[in-house]
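This note's numbering applies: residue 104 is where the sequence shown begins, and numbers increase by one.
Ideal Cβ placement from N, Cα and C applies to all residues, glycine included.
In what follows, a single structure is set out as structure tokens and then discussed.
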Amino acid sequence: MALCEAAEGPVFGKYPRVGLPRRDQARGAPEGLLQGPGAASAGLLFSVDAWHHPLSGRKLTGSDGPSAAREPGRRGTCGSACGGRDHEGARVGGTAKHRAVVAACVLGMLAVPAAGTAHADPGDRGGRDGGEGASGASGPSLEDVQKQIDRLHDRAEAAAEAYNGAEERAKGQAKAVKSLKEKASALRVKQRQYKNTAGALARAQYRSGGMPDEARLILRESPEAFMRDAFIMRKGQRAAMGVITTLARSEFKLEKYADEAAAKLKALEANRKRKASAKKKVERELERAEQLESRLAKDELKRLRQLEDEAAWARQSKWLKSGVLDDISGKASKAGKRAIAYATNQIGKDYEWGAEGPRTFDCSGLTLRAWQAAGEEIPRTSQEQWKQLPRVPLREMRPGDLIIYKRDASHVGMYVGGGEMVHAPRTGRQITVAGAGSLLIKGVVRPDK
């Protein structure tokens, strides 16, 4: 099993990496062996052009390819029916009928194109022509089922991230409303105090109002004392009235802001409910698709998983062959290393939309907690991470940076070096290390720039 090591980071060799070609294999070097889809369970290693048995070194071709790696008791994609051994090790005969099945399987392999994904051209309908499922009954092919499931997962993840964003904005606005109301209340207390002071001054003036200024001037010890007292009194009156006017204006503004914030909060709450309703609809569709998957036979389920692995491996290989890693040589910062350590310690935990740990995570919940552990606060959702965090060119990417995926920025993973990233994939999957190019890359952001 190949080992994956991040630049100055942890080693992930104990975790199976299905379909992640190494950098030297991106050049198509025939001697480079890499672990392909399903090889972890079958013990087969294969290069870009050929497959080899890890012990004997014998070159395997045809039906011994990566499809055969899905089940140790099978030869090629035909299983024990084509002549081989079943799970208990018993020999299964190679009769004429079995040879006919072999021929049919080979023709079927030649006829089946590469598996499509949720990001494939909708007009490109890969898979079996004629619309028969793997069970032989009329219905969608496995490739079509896989495409449908991928599309629904993409929609569910996008809806979940949008819901999370609406929820965070609503929480932030609620805090702002509370803060504004508290400030308005404090100003009202001060306003009452100043009003009391102004009232006392007014009453004092009223009590002396029956005596003309000439009489008060005569009764004072000196004209200078009278002028000083009169100046101080009038200055205090003007100051008190000025404070009251200022406080009244401030209170009016604060109440206006509070009303506006409350109205915005109401709109955000309504938006959050709409997002939640839309997500429930997508989840219902996703449940129907997964029910369809659950009705597939065991070998069909294995083939379905293999289609997913092969598609991810193909995208990663294409990404590596572009030479992108030639320009990526950055080293992780101290904070980046801490973020990577946190994220990789969560490997194997379940994905759950809206979760921020510690038992389950969604994609942005994982990156949020990882960078919080590194001492950095970042936005909650992948869309907001893309909008608010500093962006860096792909060639300047370094371990710890966040890779934003999909056109709508609905997925995020953390680059760990060596052309790989750690992420929480989707519902029904666990946090894992995958190829950085196995999904459509939108861009890269750096939390500690």
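- The bridge partners DSSP lists for His256 come to none.
- The beta carbon of Asp504 sits closer than 6 Å to the beta carbons of Tyr518, Val547 and Arg549 from its chain, once the five residues preceding and following it are set aside; these are given in chain order.
- Around the beta carbon of Leu542, 16 or more other beta carbons sit within 10 angstroms, so the residue counts as buried.
- In the DSSP assignment, Lys405 falls within the unbroken alpha helix (DSSP H) covering Lys401 to Lys424.
- Between Ala527 and Leu469, the C-beta gap is smaller than 7 Å, which places the two residues in contact.
- For Ala442, the uninterrupted alpha helix (DSSP H) segment begins and ends at Lys437 to Asn448.
- If you look at Thr470, you'll find it in the alpha helix (DSSP H) that goes Cys466 to Ala476.
- Put simply, the stretch 282-291 does not touch the stretch 393-401. Fewer than three CB pairs are less than 8 Å apart.
- The Cβ atoms of Ala273 and Arg337 do not sit closer than 7 Å to each other.
- Between the alpha carbons of Val346 and Gly302 lies a distance of about 13 Å.
- Ser244 sits buried, since 16 or more C-beta atoms from the chains shown fall within 10 Å of its C-beta.
- DSSP places Gly451 outside both helix and strand once states are collapsed to three, so it counts as coil.
- Secondary-structure assignment with DSSP links Gly520 through a beta bridge to Glu523.
- Here DSSP, grouped into helix, strand and coil, assigns Ile506 to strand.
- Here the C-alpha atom of Ile481 lies approximately 11 Å from the C-alpha atom of Lys490.
- By the C-beta density criterion, Glu264 is buried, having at least 16 other C-beta atoms within 10 angstroms.
- Ala400 counts as exposed, since fewer than 16 other beta carbons sit within 10 angstroms of its beta carbon.
- Here Lys509 is buried: its Cβ has 16 or more other Cβ atoms, across all protein chains shown, within 10 Å.
- Counting the other Cβ atoms within 10 Å of the Cβ of Glu246 gives 16 or more, which makes it buried.
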